[in-house]
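Trainee:
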Amino acid sequence: RMQPKSKKYFTQWMYDVWRNKFLFWSVMAGWITMFPILYIPVLNDVVFKHKPITWEWGIVAVEAVLFFIGVEAWKWAKRVFFRRRARKNPQLIPLEQIPELP
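In the working numbering, the protein residues as written are 574 to 675.
(1) For T584, which of helix, strand or coil comes out of DSSP?
(2) Report yes if the C-beta distance between H623 and I610 is below 8 angstroms; otherwise report no.
(3) If F583 and V590 are in contact, beta carbons under 8 angstroms, what's the gap, nearest whole angstrom?
(4) Would you tell me roughly how many angstroms separate the C-alpha atoms of W581 and D618, rounded to the nearest one?
Now the structure itself:
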């Protein structure tokens, strides 16, 4: 979590993303304009020279699942690494106890 002391356990990410409004609206605009560019007949054929994707959505879904599995595996490995490191070196200060910079 970006804000470990927050009481909003499940919704804190929304506040963090909304804090950078330019990035939020840039990502939203890119995501929303993708569908008209691909699926409006004259716009995709004549202007952008694209064709609607069909079976390629399967590749998108598989890659999204693989990415999710990879991220979760990385987080698990990182937790295991830091737990073992803390067990071997009990004199190390946990991240939660390091004072935050203003």
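We put the CB at the ideal spot given by N, CA and C, even for glycine.
Mentor: Concretely, from the data shown:
(1) The residue given as residue 584 occupies position 11 in the sequence shown. Three-state DSSP puts T584 in coil, outside helix and strand.
(2) The residue labelled residue 623 in the question sits at position 50 within the sequence shown. The residue labelled residue 610 in the question sits at position 37 within the sequence shown. Cβ atoms of H623 and I610: closer than 8 angstroms.
(3) Counted from its first residue, the sequence shown places residue 583 at position 10. Counted from its first residue, the sequence shown places residue 590 at position 17. Not a contact, Cβ separation roughly 14 angstroms.
(4) What you label residue 581 is simply residue 8 of the sequence shown in a count that begins at 1. What you label residue 618 is simply residue 45 of the sequence shown in a count that begins at 1. The amino acid at residue 581 is misidentified as Trp; the sequence shows Lys. Those two C-alpha atoms are separated by around 46 angstroms.
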